[in-house]
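Visitor:
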Amino acid sequence: MGVIGVQLVVTMVMASVIQKIIPHYSFARWLLCSGSLRWYQHPTEDELRSLAGKQQKGKNKKDRKYNGHIENKPLTVPKDIDLQLETKSIAEVDTLALHYFPEYQWLVDFTVAATVVYLITEFYYSLVGPSNEMNISVVWCLLVLAFVMKVLFSLTAHYFKGEEGGERSLCITFAFFFFVKAMAILIITENYLEFGLETGFANFSESAVQFLEKQGLDSQGPISKLTFKLFLALLCSLIGAFLTFPGLRLAQMHLDALNLATEKVTQTLLHINFLAPLIMVLLWVKPITKDYIMNPTLGKESVPLMTEATFDTLRLWVIILLCLLRLGLMRRHLQAYLNLAQKCVDQMKKEAGRISTVDLQKMVARVFYYLCVIALQYMAPLVMLLHTTLLLKTLGDHSWGVYSEPEGLIDPDQMPAASLPLTAPENTKVSVAQITMALGSLRNVFTPLLFRGLLSFLTWWIAACLFSTSLFGLFYHQYLTAA
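Residues in the sequence shown are numbered from 3 upward in steps of one, following our numbering.
Structure follows, in structure tokens:
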């Protein structure tokens, strides 16, 4: 087979790199342990005793003796205690205590490896241009998306295991909201939202009917349009439920990062990063972006500035650049989250009463121990959006060149048949011919038009879910919490 070549060699080399090198030179670990992130250490009991003006722990009049056992009351300190937390750079040994650190490290490092394989494969295709080879980078991107969904499912299930039902109710509410929203979006005509989903599904149904007729089966199609959209809406509801808490957390980190930023450039980049999903959403709204960019009205004439293929390529580049911007601002958001420890202590000082030393230590330590959960909530939507876009480029038959003319979609009827080995026996020739014809027919069924419409919609939907949840989180943290 044609796949046993350069692509397989790249895959085997990258698998060896993942196994041998990445555990020692981890990009995920470098993001946390490069020295730019500082976490707040919880105070020891002796420090709290010293600040509260109490003696060292021992027998005193408050100790009560029951049946020969001394019962010690838990040590408490005033909430308005003059406590200043000490900071420390995150070291590699500190990451051992972080919750979800193995999941975070595996997702980020595997994403880096898959992205490198994708870049090498794209370079190989641009040089050689093989027509009968399977693009192995598609498999890597699908694996990345599978790992992302698994991680998001694990994080969402964590909220369902808690005793309090607030998070569970919120997640279910957003799931129903996104299901209704997806059903509403799917009935909008392509004059407003240009996904190409209707065209892709029509092409898929027609090709599937022809494939079944060649196999001697009489069918009206593999699936009806209503059933297809219903399953798609259920998938969208699941994605929306998974992205609920990442969006809410992003809004809180955005507000805290803005308060920390002092330079105007940094504040502008933070605003662009927060509005990035909205920019991605508008890229598929035809009356707002495509009509004005491709055919702007200059005077009395409409002068086209670019072709439709160039606009599609430009759209891919905008999404990738916005993803890189979000990755570049990751540490600022994580540092804003780590500062919640001092923020909680400052808020505690405004309250009256006393607090036990154990509860105070847990309040401070909990922020750092859940750092990787927050990092996953920040990175997982980013990785999902990036690799869905890469799949859209590859399976949708787009081009990376903005000024180059596209080659266009390949007509399934004009695809060359794979050559058969001449030295094989006759029975082997027949078997190979049958398999080749079956694979070729399936390739004609799942055309680039179908993938272009489906992946365009999924990319748009992920961005829409991120913006909806982060906008709700911004409203919640800015107004409801303050009220």
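Backbone N, C-alpha and C define an ideal beta-carbon position, used for all residues, glycine too.
Output the distance between the C-alpha atoms of glutamine 269 and aspartate 96, rounded to the nearest integer angstrom.
Guide: Going by the C-alpha atoms only, they are around 30 Å apart.
Visitor: Work out the CA separation of glutamate 208 and phenylalanine 448 for me, nearest whole Å.
Guide: Cα to Cα, the separation comes out at about 11 Å.
Visitor: Between Pro25, Leu85, Ala93 and Leu10, which has its C-alpha nearest glycine 37's C-alpha?
Guide: When each option's Cα is compared against that of glycine 37, the closest is Ala93.
Visitor: Taking the alpha-carbon positions, what's the valine 8 to isoleucine 174 distance?
Guide: If I take the Cα positions, the gap works out to 46 Å.
Visitor: For the alpha helix (DSSP H) containing proline 132, list its first residue and its last residue.
Guide: Element bounds for proline 132: n/a, residue is neither H nor E.
Visitor: Taking the alpha carbon of valine 369 as the reference point, which residue from Ile20, Leu172, Leu326 and Thr89 has its own alpha carbon closest?
Guide: Looking at the Cα atoms, Thr89 is the closest of the given residues.
Visitor: Relative to the C-alpha of glycine 1, which residue among Leu234, Ala30 and Leu33 is closest?
Guide: Outside the displayed range of the chain (3 to 485) lies residue 1, so it cannot be described from this structure.
Visitor: Per the DSSP calculation, threonine 396 is bridged to which residue(s)?
Guide: DSSP, once it has assigned bridges, lists no residue as partnering threonine 396.
Visitor: Which of helix, strand or coil does DSSP assign to tyrosine 127?
Guide: Three-state result, tyrosine 127: helix.
Visitor: Whole angstroms are fine: how far does the CA of methionine 136 sit from the CA of alanine 2?
Guide: For residue 2 there is no data in the structure shown, the boundaries of the chain being 3 and 485.
Visitor: Taking the straight line between their C-alpha atoms, what separation do you get for phenylalanine 178 and leucine 100?
Guide: Distance between the alpha carbons of phenylalanine 178 and leucine 100: 33 Å.
Visitor: Just verifying my parser: in three-state terms, what is the DSSP assignment at lysine 351?
Guide: Residue state, collapsed to three classes: helix.
Visitor: Taking only runs that begin and end inside the stretch 209–270, name each unbroken alpha helix (DSSP H) of 4 or more residues, in chain order.
Guide: For the stretch 209–270, whole alpha helix (DSSP H) runs of length 4 or above, ordered along the chain, are 227–244 and 246–262.
Visitor: Are the stretch 150–162 and the stretch 242–249 touching by the rule of at least three beta carbon pairs closer than 8 Å?
Guide: Touching, yes.
Visitor: Return the chain-ordered ranges of every beta strand (DSSP E) run that is complete within the stretch 155–217 and spans a minimum of 3 residues.
Guide: Listed in chain order, nothing qualifies, since the stretch 155–217 has no complete beta strand (DSSP E) run of 3 or more residues.
Visitor: From which residue to which residue does the beta strand (DSSP E) around isoleucine 357 run?
Guide: Residues 356–358.
Visitor: Please report the straight-line C-alpha distance between valine 15 and valine 140, rounded to a whole angstrom.
Guide: Approximately 17 Å, taken between the alpha carbons.
Visitor: Determine whether the Cβ of arginine 170 lies closer than 7 Å to any Cβ atom of chain C.
Guide: Any reference to chain C falls outside this structure, which holds one protein chain only.
Visitor: Check the DSSP bridge columns for proline 80 and list the partner residues they point to.
Guide: Looking at the DSSP assignment, proline 80 forms a beta bridge with Arg356.
Visitor: Does the pairing of the stretch 106–117 with the stretch 368–387 give three or more beta-carbon distances under 8 Å?
Guide: Yes: the two stretches touch, three or more of their Cβ pairs being nearer than 8 Å.
Visitor: Can you tell me whether DSSP reads serine 401 as helix, strand or coil?
Guide: Serine 401: coil per DSSP, three-state reduction.
Visitor: Would you call the stretch 454–470 in contact with the stretch 198–217, where contact means no fewer than 3 C-beta pairs closer than 8 Å?
Guide: In short, these stretches touch, since the Cβ pair count reaches three.
Visitor: Taking the alpha-carbon positions, what's the serine 472 to histidine 335 distance?
Guide: Whole-angstrom Cα-Cα distance: 14 Å.
Visitor: In angstroms with no decimal places, state the Cα-to-Cα distance between serine 52 and asparagine 341.
Guide: The straight-line gap from Cα to Cα measures roughly 24 Å.
Visitor: Please name the residue, chosen from Ile83, Thr201, Ala54 and Leu392, that lies closest to glutamate 353 on a Cα-to-Cα basis.
Guide: Looking at the Cα atoms, Ile83 is the closest of the given residues.
Visitor: Within the stretch 8–51, note down every full alpha helix (DSSP H) run reaching 4 residues or more, in order along the chain.
Guide: 8–22 and 29–35, all fully within the stretch 8–51.
Visitor: Would you identify the three-state DSSP class for threonine 390, choosing helix, strand or coil?
Guide: Here threonine 390 sits in helix by DSSP.
Visitor: Could you tell me whether the Cβ atoms of phenylalanine 459 and leucine 199 are closer together than 7 Å?
Guide: Taking 7 Å as the Cβ cut-off, phenylalanine 459 and leucine 199 qualify as a contacting pair.
Visitor: Look at the Cβ atom of glutamine 492, then the Cβ atom of proline 248, and state whether they are nearer than 7 Å.
Guide: An answer regarding residue 492 cannot be provided, because it is not within the stretch 3 to 485 covered by the chain.
Visitor: I need the straight-line Cα distance from leucine 285 to methionine 296, nearest angstrom please.
Guide: Rounded to the nearest angstrom, the two C-alpha atoms are 12 Å apart.
Visitor: Measure from the alpha carbon of glycine 398 to the alpha carbon of each residue in Ala311, Leu323 and Phe181, then state which is nearest.
Guide: Measuring from the Cα of glycine 398, the nearest candidate turns out to be Ala311.
Visitor: Would you identify the three-state DSSP class for threonine 309, choosing helix, strand or coil?
Guide: Reduced to three states, the DSSP call for threonine 309 is coil.
Visitor: What separation, rounded to the nearest whole angstrom, lies between the Cα atoms of arginine 328 and leucine 219?
Guide: Roughly 50 Å between the two C-alpha positions.
Visitor: Within this structure, are the beta carbons of valine 146 and threonine 123 separated by less than 7 Å?
Guide: In this structure, threonine 123 does not lie closer than 7 Å to valine 146 by Cβ.
Visitor: Beta-carbon within less than 6 Å of serine 91's beta-carbon, same chain only, minus the 5 sequence neighbours each way: which residues are those?
Guide: Correct list, in chain order: Gly37 and Arg40.
Visitor: Between lysine 351 and valine 385, what straight-line distance do the alpha-carbon atoms span, to the nearest angstrom?
Guide: The alpha-carbon atoms of lysine 351 and valine 385 are separated by roughly 39 Å.
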